[in-house]
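Colleague:
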Amino acid sequence: MTTKEQIVENWLPRYTGTPIEEFGNYILLTNFINYVQMFAEKFDVPVRGTGKAMQTATANDITIINFGMGSPLAATIMDLLSAIKPKAVLFLGKCGGLKKTQIGDLILPIAAIRGEGTGDDYMPSEIPALPSFRLQSTVSASIAKHQMDYWTGTVYTTNRRIWEHDDAFKEYLREIRAMAIDMETATIFIVGFANSIPHGALLLVSDNPLVPEGVKTEESDKKVTSNYVQKHLDIGIEALTELARSGESVKHLRFEN
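The sequence shown begins at 1 in full-length UniProt numbering and counts up by one.
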């Protein structure tokens, strides 16, 4: 294999256990296997890729993929998805809330701050990590149909998983006025841009890590899963279903990379 196209066409099935022809045109990304299992149960379809690095399930032209955790794997899946050229990719991620957010709140990011470094291998650091407006607009409408509200703002993406003890870093997060922190969003945005893949994100606040009592624990994460994850998933499914039904392109007419 000598070209990127040859590599990703070979590696996407290798990583997921799912043949190229079985992927939908619309992709949901998640870091958690239970999202894939809930999707599969909702549509009575099998989970593919058990024992592989990534797991998938597909129904109604939508494929959900558990790609793992962190910026490097986010870049990997966005590269691999160039093999199928999806019409839209929506990341359903969890994040730490940094301002007035409460656990269970939704954040629809308008931009992501590239603190993870991975995106620098794809685009110069001056290029902002932005979502596709049409996709975020559709997600916004889907949230409204559920009679829910959401926050907008920037999300800071980092490669650091354990930083909650670092007072200097927490002060930095306050200074940059970020709404949330995660490990994937900026990478998905910038690598999606590099691969000409329309992309967006809907983040679920799972903890409030700037205060000691807000740091995620196993018990608190179970409460988030039982109380909020189903709605998070349903909104993502409905947004992509609406895009598929409308037949409208998510790409801006003057989109360039």
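Even glycine gets a Cβ: it sits at the ideal position worked out from N, Cα and C.
Give, in chain order, every unbroken run of the beta strand (DSSP E) that is at least 3 residues long and sits entirely within the stretch 142–190.
Modeller: 151–158 and 180–182, all fully within the stretch 142–190.
Colleague: Would you call V139 buried or exposed, if buried means 16 or more other Cβ atoms sit within 10 Å of its Cβ?
Modeller: Here residue 139 refers to the residue found at position 139 of the sequence shown. Per the 10 Å Cβ criterion, buried.
Colleague: May I have the straight-line CA-CA distance separating L203 from L73, to the nearest angstrom?
Modeller: Start at 1 with the first residue of the sequence shown, and residue 203 comes out as number 203. Start at 1 with the first residue of the sequence shown, and residue 73 comes out as number 73. C-alpha separation (whole angstroms): 18 Å.
Colleague: Using the DSSP secondary-structure output, state which residues sit across from I62 in a beta bridge.
Modeller: Here residue 62 refers to the residue found at position 62 when the sequence shown is read from its first residue. Partner(s): Y26 and A59.
Colleague: Note down, in chain order, each residue of its chain lying with its Cβ closer than 8 Å to the Cβ of I113, except the 5 sequence neighbours on either side.
Modeller: Within the sequence shown, the letter at position 113 stands for residue 113. Contacts found: A129, T154, V155, Y156, T157, I176, A178 and A186.
Colleague: A168: which of N25, Q147, L210 and A144 sits nearest, CA to CA?
Modeller: Sequence index remark: in the sequence shown, residue 168 carries index 168 (1-based). Ranking N25, Q147, L210 and A144 by Cα distance to A168 puts L210 first.
Colleague: Can you tell which of A83, E238, D120 and I188 has the C-alpha that lies nearest to the C-alpha of I7?
Modeller: Along the sequence shown, read from residue 1 onward, the residue named residue 7 stands at position 7. Checked all of A83, E238, D120 and I188; the closest Cα to I7 is A83.
Colleague: Can you tell me whether G49 is buried or exposed? The criterion is at least 16 other CB atoms within 10 Å of its CB, across all chains shown.
Modeller: As a working note, residue 49 is residue 49 in the sequence shown. Its Cβ being crowded by 16 or more others within 10 Å, G49 is buried.
Colleague: Is it buried or exposed, P131, if we count other Cβ atoms within 10 angstroms and call 16 or more buried?
Modeller: The residue labelled residue 131 in the question sits at position 131 within the sequence shown. It counts as buried.
Colleague: Which of the three DSSP states, helix, strand or coil, is assigned to G119?
Modeller: Position 119 of the sequence shown holds residue 119. In this structure, G119 counts as helix in the three-state DSSP scheme.
Colleague: Suppose contacts are defined by Cβ-Cβ distances below 9 Å. Is D105 in contact with W163 by that definition?
Modeller: Walking along the sequence shown from the start, residue 105 turns up at place 105. Walking along the sequence shown from the start, residue 163 turns up at place 163. Not closer than 9 Å, so no.
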